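Trainee:
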Amino acid sequence: MRAAACVSALAASLLLVHLLASRRRRRHRSTAESGLLFTGTGCSSGLPLIGCAIGAPQSPEKSCTACGPALRNGRADKNWRNNVGALLRFRGADGQTKHVQIDCGKTFRDTCLRVYSEHGVTWLDALLLTHDHADAVFGLDELRSLQPVEPGAPPHRLLLRNQSRSLDGAAAPPPAPAVRRFVASIEWVSFGDAFEVAELDVVGLAVTALPVLHGADYTCYGFAFGPPQERVVYLSDYTALLPQTDALLASWSSGGEAIHLLVLDALRSHPVHATLSESVELARRLRPRRTLLVGMGHALEHHATNRRLRRLWREEQLDVQLAFDGMFVPLPGLDVG
Numbered sequence: 463m464r465a466a467a468c469v470s471a472l473a474a475s476l477l478l479v480h481l482l483a484s485r486r487r488r489r490h491r492s493t494a495e496s497g498l499l500f501t502g503t504g505c506s507s508g509l510p511l512i513g514c515a516i517g518a519p520q521s522p523e524k525s526c527t528a529c530g531p532a533l534r535n536g537r538a539d540k541n542w543r544n545n546v547g548a549l550l551r552f553r554g555a556d557g558q559t560k561h562v563q564i565d566c567g568k569t570f571r572d573t574c575l576r577v578y579s580e581h582g583v584t585w586l587d588a589l590l591l592t593h594d595h596a597d598a599v600f601g602l603d604e605l606r607s608l609q610p611v612e613p614g615a616p617p618h619r620l621l622l623r624n625q626s627r628s629l630d631g632a633a634a635p636p637p638a639p640a641v642r643r644f645v646a647s648i649e650w651v652s653f654g655d656a657f658e659v660a661e662l663d664v665v666g667l668a669v670t671a672l673p674v675l676h677g678a679d680y681t682c683y684g685f686a687f688g689p690p691q692e693r694v695v696y697l698s699d700y701t702a703l704l705p706q707t708d709a710l711l712a713s714w715s716s717g718g719e720a721i722h723l724l725v726l727d728a729l730r731s732h733p734v735h736a737t738l739s740e741s742v743e744l745a746r747r748l749r750p751r752r753t754l755l756v757g758m759g760h761a762l763e764h765h766a767t768n769r770r771l772r773r774l775w776r777e778e779q780l781d782v783q784l785a786f787d788g789m790f791v792p793l794p795g796l797d798v799g
């Protein structure tokens, strides 16, 4: 938990962790399809909720329409939801497949065992963190298992980039351990101040960091990536767009352009998350080709909610649906070069 403990000291930071994989792994040419893999689509507690699973009086399993199916059917059920996260898979300029994970929260280990194993993900090249809450960073300790090393070689360091206002607390390295241990190796680098749109190069992929409010007094980041004809905007934790982000998204949604895929938060009425209706309203305004929702709690059962949302397509030609863990969206335009 050493890496997670370091991150807990950060205040409203954007973290970019660059995992330098081994030379052995980089000689392998993967034929995997490029795109966006939803590694988790649930709220911070994950689904099924513990209270529903153990039959707590305040949330009995028999009365919960989302946790009930998840408990009966197990991890294959689309109501089984780990902490929100996604994986970008694309071919880099060197011809090698790249894996960039967005967030690694409390349930990241289960994500690896379930979603990574199903999709053949055995390493990471980089990690983008939207913010420093537990559901985004408490899986950092698991990165060591996704950081290949060669026998006898020194550990490959992880490049971790964060806002300059957090650099003073983040840059100081922890004391060297007296006993050599198997841990993730991290290097801290600042990329700019909070509240700014930032352009990042993530193992060759151009990524735009988009500041948003995650509650009234906390700045979180979303990300945009992909060419104009296949642009993805990923806002997993937000309550409102900051003006510069709002203006940029509006420019991508006018003059004949359209956001290809918009990923939005959809919890319940909550001080630090958008609701389903609020995200639908944002989708109405931006008119993306497709909107997928994440961050759901057990108030939104997957199949029933998607049936209701299909009405938006029939009445408004607005394609909005709940995503699910393990969902893959092909994006051939992500390939670099």
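Be aware that the sequence shown starts at 463, since it is given in my numbering, and climbs by one per residue.
Glycine is no exception: its CB is placed at the ideal position from the N, C-alpha and C atoms.
Nothing here was measured: the structure is a model prediction, and the numbers come from that model.
#1: Let me make sure I understand the geometry here. Which of 666, 692, 595, 542 has the alpha-carbon closest to that of residue 681?
#2: Can you name, in chain order, every residue of its own chain whose Cβ lies under 6 Å from the Cβ of residue 752, other than the five neighbours on each side?
#3: List in chain order: all unbroken alpha helix (DSSP H) runs of 4+ residues lying wholly within the stretch 504 to 556.
#4: Which same chain residues end up closer than 8 Å to residue 604 when comparing Cβ atoms and leaving out the 5 residues on each side of it in sequence?
#5: Within 10 angstroms of the Cβ of residue 559, are there 16 or more other Cβ atoms? Answer buried if so, exposed if not.
#6: Pair every Cβ in the stretch 542 to 558 with every Cβ in the stretch 491 to 508, then say whether three or more of these pairs are closer than 8 Å.
#7: Does the Cβ of residue 553 have 16 or more other Cβ atoms within 10 Å, making it buried, or fewer, making it exposed?
#8: Quick check on this structure: which residue in 685, 683, 543 has the alpha carbon closest to the alpha carbon of residue 504?
#9: Please name the residue, chosen from 732, 679, 670, 727, that lies closest to residue 711 on a Cα-to-Cα basis.
#10: Does DSSP put residue 720 in a helix, in a strand, or in coil?
#11: Sort out for me which residues DSSP pairs residue 686 with in a bridge.
#12: Could you tell me the alpha carbon to alpha carbon distance between residue 798 and residue 787, rounded to whole angstroms?
#13: Would you mind sorting residue 721 into buried or exposed? The rule is 16 or more other CB atoms within 10 Å of its CB.
#14: Which partner residues of residue 560 appear in the DSSP bridge assignment?
#15: Do you know whose CA, among 688, 779, 601, lies nearest residue 791's CA?
#16: Skipping 5 residues on each side, what residues in its chain have a beta carbon closer than 6 Å to that of residue 738?
#17: Opposite residue 663 in the DSSP bridges: which residues?
#18: For residue 728, name the three-state secondary structure that DSSP assigns.
#19: Hey, could you find the ends of the beta strand (DSSP E) residue 783 is sitting in?
#20: Cβ atoms of residue 713 and residue 757: under 8 Å apart, would you say?
#21: Identify which residue in 783, 759, 539, 760 has its Cα closest to the Cα of residue 770.
#22: As a quick exercise: from 534, 535, 494, 540, pick the residue whose alpha carbon is nearest that of residue 759.
#23: Considering just the uninterrupted stretch of the alpha helix (DSSP H) at residue 570, what are its terminal residues?
#24: So is residue 736 buried or exposed if we call it buried at 16+ other beta carbons inside 10 Å?
#25: Should residue 720 be flagged as near chain D, meaning a C-beta pair shorter than 8 Å?
#26: Around the C-beta of residue 579, are 16 or more other C-beta atoms found within 10 angstroms, so that it is buried, or is it exposed?
#27: With a cut-off of 8 Å on the beta carbons, I'd call residue 793 and residue 692 a contact; round off their distance for me.
#28: Could you pull out every residue in the same chain whose Cβ sits closer than 6 Å to the Cβ of residue 684, ignoring the five residues on either side in sequence?
#29: Could you tell me the distance, in whole angstroms, from the CA atom of residue 704 to the CA atom of residue 665?
#30: Apart from the five residues on each side of it in sequence, which residues of its chain come closer than 8 Å, Cβ to Cβ, to residue 507?
Mentor: For this structure:
#1: 595
#2: 723, 781
#3: 512 to 516, 529 to 535
#4: 566, 570, 571, 574
#5: buried
#6: yes
#7: buried
#8: 543
#9: 670
#10: coil
#11: 670, 695
#12: 26 Å
#13: buried
#14: 552
#15: 688
#16: 728
#17: 668
#18: coil
#19: 782 to 784
#20: no
#21: 783
#22: 540
#23: 570 to 573
#24: buried
#25: The structure shown contains no chain D, having only a single protein chain.
#26: exposed
#27: 6 Å
#28: 672, 674, 696, 697
#29: 27 Å
#30: 759
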